[in-house]
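Below you'll find the structure, written out as structure tokens, and then a few comments.
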Amino acid sequence: MPYFFKLDLKLFDKEEREITSNSVIDLFNKIACALPNQNLWKSSNIPPPILVIDEANLLNRLSYNSVEGKILLKTFLDWLVLNTKQTSHFHVVLTSSDSFFFNWIVDYLNVLHASSYIVGDLSKKEAEEYFEKHVLPRYGCKELEGKFDHVHKITGTRMLIIDKYVKEYKNSDGKLTYSKFSVFESECLKLIHGLYPRNVKYVDKSNKPLWTNNDFIKTMEVLVKAENQGYILEDDLINVIESNQVNSLVDYNFLYCRQNSNFAYDIINPSDKIILTAMNQPSLRAMEHYILNYI
41 MPYFFKLDLK LFDKEEREIT SNSVIDLFNK IACALPNQNL WKSSNIPPPI
91 LVIDEANLLN RLSYNSVEGK ILLKTFLDWL VLNTKQTSHF HVVLTSSDSF
141 FFNWIVDYLN VLHASSYIVG DLSKKEAEEY FEKHVLPRYG CKELEGKFDH
191 VHKITGTRML IIDKYVKEYK NSDGKLTYSK FSVFESECLK LIHGLYPRNV
241 KYVDKSNKPL WTNNDFIKTM EVLVKAENQG YILEDDLINV IESNQVNSLV
291 DYNFLYCRQN SNFAYDIINP SDKIILTAMN QPSLRAMEHY ILNYI
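Counting with our numbering, you get residues 41 to 335 for the letters of the sequence shown.
Rendered as structure tokens:
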């Protein structure tokens, strides 16, 4: 739309030497003033634009150990609310793989109009259809037709992982094994870090890990044991390693917390209680590998 080519906004002028919260806030205000209101979209018979922020959970880094950062974060999120709800300048999609992100954003903003959608975890039937009708033709792997049960055991139902597995299978001339699948290898390395929590350091985490090596092993054991069910209850794991440790494992993305059945398309008959799973199917295979070979 030609309207937007007239925008010429800068974060700071040449004489300013650094970006400050005030300069960012000023930029937000300039953008808001420059954006067309909802009347333009309606008169043009087109929907408002959508602002997509990937891995939006990283926004909370702004609030770590900085009063100025907390002010900036609150200002930015308030700006999003203003332009989506009150002035209808645009819609916002915040994507995240963090289990706690949706609760965090709703609590932080104290808003009721946010909605959560799950993308990626299909039902097994949907995943098999995606595998057979879309992925195999794309890579020309006709020999894998009818073998989704075998592939599903390592990939699960996440589209990205299914696609990546078939691509690596093709590149290996059909010789790819579980142990050589890149996502499995990555999850194995991640588990090794989890077994030594004192050495775990993530730049986007302000709290230190609260679990022990023994807590981590117990968690892997109960997850692998519950594979046929597809999940464990949060309450059950709390009885094994206590609440703070469970929350810490979720916070560090060693466990995936599903608040309700809307987060469990890949699970048959999920509980109406909060459930926990491995972060993905290759992670569960890595846990199984460790338990069988090292415990």
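The beta-carbon is built from N, C-alpha and C at its ideal position, and this holds for glycine as well. Bear in mind that the values here come from a model prediction, so they are computed numbers and not experimental data.
Simplified DSSP assignment, three categories, for residue i
i: V133; result: strand
i: D118; result: helix
i: V151; result: coil
i: S92; result: First, the residue type needs correcting, since residue 92 is Val and not Ser in the sequence shown. Reduced to three states, the DSSP call for V92 is strand.
i: I315; result: strand
i: L102; result: helix
i: D161; result: strand
i: L250; result: coil
i: I272; result: strand
i: Y242; result: coil
N- and C-terminal bounds of the alpha helix (DSSP H) containing residue i
i: R325; result: Q321 to Y334
i: R178; result: L176 to Y179
i: L289; result: S283 to D291
i: L200; result: M199 to N211
Exposure of residue i, with buried meaning 16 or more beta-carbon neighbours within 10 Å
i: Y242; result: exposed
i: T127; result: exposed
i: N211; result: exposed
i: N150; result: exposed
i: E227; result: buried
i: T124; result: buried
Span separating the alpha-carbon of residue i from that of residue j
i: L184; j: T115; result: 52 Å
i: S219; j: V286; result: 28 Å
i: P76; j: K313; result: 44 Å
i: Y43; j: S139; result: Residue placement at Y43 cannot be trusted, given a pLDDT of 49 that sits under 50; what the coordinates show is reported in the next sentence. Taking the straight line from one Cα to the other gives about 39 Å.
i: S283; j: I71; result: 44 Å
i: K187; j: N247; result: 43 Å
i: L176; j: K182; result: 6 Å
Span of the beta strand (DSSP E) around residue i
i: Y218; result: Looking at the DSSP string, Y218 is not in any beta strand (DSSP E), and its letter there is neither H nor E.
i: Y296; result: Y296 to R298
For residue j and residue i, believed in contact at Cβ under 8 Å, the rounded distance
i: Y292; j: P249; result: 6 Å
i: L324; j: V264; result: 7 Å
i: I281; j: D255; result: 4 Å
Test: residue i CB closer than 8 Å to a CB of chain C
i: K313; result: Any reference to chain C falls outside this structure, which holds one protein chain only.
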